[in-house]
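Visitor: Please see the structure below; I have some questions.
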Ligand code: CMC
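Numbering (full-length UniProt numbering), first residue to last: 34 to 424.
What follows is the structure, given as structure tokens:
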């Protein structure tokens, strides 16, 4: 002891230098390469944000067209990967399928696994961004027993994803611009978030020289946990379970009770001790999207009332617990028609942009080393082995 700094949960350890994302948790500020998240969410597109994160600057029109075209050239999956899905149970959680299928990509795209070659790294990054919607839509299709749909590159990135998810071969699928815009906004809001647990996982896995597909699969596995990306699924399930604003005090009391492991899902954040700026955008978007789609969901009323009561409760005030990105996203995703099991998959799809951008940044860093934390040893001191008969 004394030799290493003990920092469980890495609350005060900077693991890297990064120029991608800036967070001021006390002020509730989130910037991607300097641009405020609310401006990006309201005015930009997911493809533009992906370009920004990967290439440092916003693209001009030509650069954006070229990037979008390049991504569209990689949307198909190797045909044999479709057979991979059939090995899963129909009731498999789609995140379990995502971990498996994304990890398996490295067995199909050998020509983009040499991480010392910047060209191959970029191709792998484009492949991952392009194939995630196809992989995610196929996970959904498999669960509902409908045929997989091939990508349609005449559509936008997000429109193509919606069609592959909700379209069927028997009918023409019209992309609803309201849904497309809402989905794109959700993707932007999830694109990157500094050194969160899954991004740190991707960096740690990548620091050993592991191939990018395997690293992103590791990120997906980490994201799945309910304290991280799995919270969007858990939050909507919780809101549905609460069911009516009258029952909120009961759940608030449970969240405050130290003997009850229950937490308000979609509340609290390691870094934000103020409103999560992404939650602000989503709170507004939830009302707009439901209005435009003509949907009235009592879950939104429950969410609003829960937020109101929690924010005026001394426990939440003292601990600086505010709604996070996962609190309102589920209301919108559910209005679009996604089952809750798909929520974290959508998070993974969008965060793939941040993961590959962070991974590229790490590999290009001349100071990059294998990530190898140390420990404070708490086990026995040295002792002599005793044969089993004498123990
Ligand atoms: N409900 C009730 N109490 C809470 C909550 C909550 N949602 N979050 C934190 N607390 C309490 C916690 O019990 C602790 O109290 P005490 O100091 O008395 O022991 C205190 O607040 C600090 O919590 P912590 O667990 O030490 O803080 P952390 O920074 O390690 O955890 C967190 C952050 C996000 C894991 C946590 O707030 C949480 O579990 N929230 C619910 C799950 C959730 O919404 N996760 C999504 C995070 S945002 C984006 C993403 O990654 O998906």
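Backbone N, C-alpha and C define an ideal beta-carbon position, used for all residues, glycine too.
Determine the extent of the beta strand (DSSP E) in which residue 161 is found, giving its start and end residues.
Guide: Counted from its first residue, the chain shown places residue 161 at position 128. Counting along the chain, residue 161 falls outside any beta strand (DSSP E), though it belongs to the alpha helix (DSSP H) covering 151 to 177.
Visitor: Near residue 277, which residues of its chain fall below 8 Å by C-beta distance, leaving aside the five closest residues on each side in sequence?
Guide: Position 244 of the chain shown holds residue 277. Once the five neighbours on either side are set aside, the close Cβ partners of residue 277 are 331, 335.
Visitor: Near residue 215, what residues of its chain come up, given a Cβ to Cβ distance below 6 Å and the 5 sequence neighbours on each side ignored?
Guide: Counting from 1 along the chain shown, the entry for residue 215 is found at position 182. Once the five neighbours on either side are set aside, the close Cβ partners of residue 215 are 322, 365.
Visitor: Keeping to the same chain, check which residues put their C-beta closer than 8 Å to that of residue 304; ignore five residues upstream and five downstream.
Guide: Counting from 1 along the chain shown, the entry for residue 304 is found at position 271. Once the five neighbours on either side are set aside, the close Cβ partners of residue 304 are 56, 58, 227.
Visitor: Hey, residue 145 and residue 160 are a contact pair by Cβ (cut 8 Å); roughly how many whole angstroms apart?
Guide: Counted from its first residue, the chain shown places residue 145 at position 112. Counted from its first residue, the chain shown places residue 160 at position 127. About 6 Å; that satisfies the 8 Å criterion.
Visitor: Is it the case that the CB of residue 61 approaches a heavy atom of the ligand CMC more closely than 7 Å?
Guide: Taking the chain shown and counting its residues from 1, one reaches residue 61 at position 28. Residue 61 Cβ: outside cutoff for every heavy atom of the ligand CMC.
Visitor: Which residues mark the beginning and the end of the alpha helix (DSSP H) in which residue 118 is found?
Guide: Start at 1 with the first residue of the chain shown, and residue 118 comes out as number 85. 112 to 118 is the extent of the alpha helix (DSSP H) around residue 118.
Visitor: Quick one: give me the first and last residue of the beta strand (DSSP E) that residue 54 is part of.
Guide: The residue given as residue 54 occupies position 21 in the chain shown. Where residue 54 is concerned, the enclosing beta strand (DSSP E) stretches over 54 to 57.
Visitor: What are the boundary residues of the alpha helix (DSSP H) that includes residue 223?
Guide: Along the chain shown, one-based indexing puts residue 223 at 190. Here the alpha helix (DSSP H) through residue 223 covers 210 to 223.
Visitor: DSSP three-state label for residue 300, please.
Guide: As a first step, residue 300 must be located in the chain shown, where it is residue number 267. Residue 300: strand per DSSP, three-state reduction.
Visitor: On the DSSP bridge list, what partners appear for residue 68?
Guide: One-based indexing of the chain shown puts residue 68 at position 35. The partner list for residue 68 (beta bridge, DSSP) reads 65.
Visitor: Quick check: what's the CA-CA separation for residue 85 versus residue 384?
Guide: On the chain shown, residue 85 is found 52 positions in, with the first residue counted as 1. On the chain shown, residue 384 is found 351 positions in, with the first residue counted as 1. Spanning the two alpha carbons is a distance of roughly 14 Å.
Visitor: Going along the chain, which residues put their C-beta within less than 6 Å of some heavy atom in the ligand CMC?
Guide: Per the Cβ criterion, the list is 42, 229, 260, 261, 262, 264, 288, 296, 297, 298, 299, 300, 301, 302, 303, 352, 354, 357, 358, 359.
Visitor: Tell me, please, which residues DSSP counts as bridged to residue 356.
Guide: In the chain shown, residue 356 corresponds to position 323, counting from 1. Answer is 300, bridged to residue 356.
Visitor: Does the beta-carbon distance from residue 100 to residue 409 come in below 8 Å?
Guide: Translated into positions along the chain shown, residue 100 becomes position 67. Translated into positions along the chain shown, residue 409 becomes position 376. Not closer than 8 Å, so no.
Visitor: Indicate the three-state DSSP secondary structure (helix, strand or coil) for residue 139 in the structure shown.
Guide: As a working note, residue 139 is residue 106 in the chain shown. In the structure shown, residue 139 sits in a helix (DSSP, three-state: H, G or I).
Visitor: Could you pull out every residue in the same chain whose Cβ sits closer than 6 Å to the Cβ of residue 267, ignoring the five residues on either side in sequence?
Guide: Here residue 267 refers to the residue found at position 234 when the chain shown is read from its first residue. Answer for residue 267: 259, 298, listed in chain order.
Visitor: Using a Cβ-Cβ cut-off of 6 Å (strictly less than) and excluding sequence neighbours within five positions of residue 240, which residues of its own chain qualify?
Guide: The residue given as residue 240 occupies position 207 in the chain shown. For residue 240, where only same-chain residues beyond five positions count, the Cβ hits under 6 Å are 403, 404.
Visitor: Which residues mark the beginning and the end of the alpha helix (DSSP H) in which residue 265 is found?
Guide: Working through the chain shown from its first residue, we reach residue 265 at position 232. Residue 265 -> alpha helix (DSSP H) spans 264 to 275.
Visitor: Could you work out which residue in 315, 138, 104 is closest to residue 118 when comparing CA atoms only?
Guide: Counted from its first residue, the chain shown places residue 118 at position 85. Nearest C-alpha to residue 118: 138.
Visitor: Which residue marks the beginning of the alpha helix (DSSP H) containing residue 246, and which one marks its end?
Guide: Within the chain shown, the letter at position 213 stands for residue 246. Its alpha helix (DSSP H) spans residues 245 to 256.
Visitor: Taking C-beta to C-beta, are residue 186 and residue 108 nearer than 8 Å?
Guide: Taking the chain shown and counting its residues from 1, the one referred to as residue 186 is at position 153. Taking the chain shown and counting its residues from 1, the one referred to as residue 108 is at position 75. A contact, by the Cβ cut-off of 8 Å.
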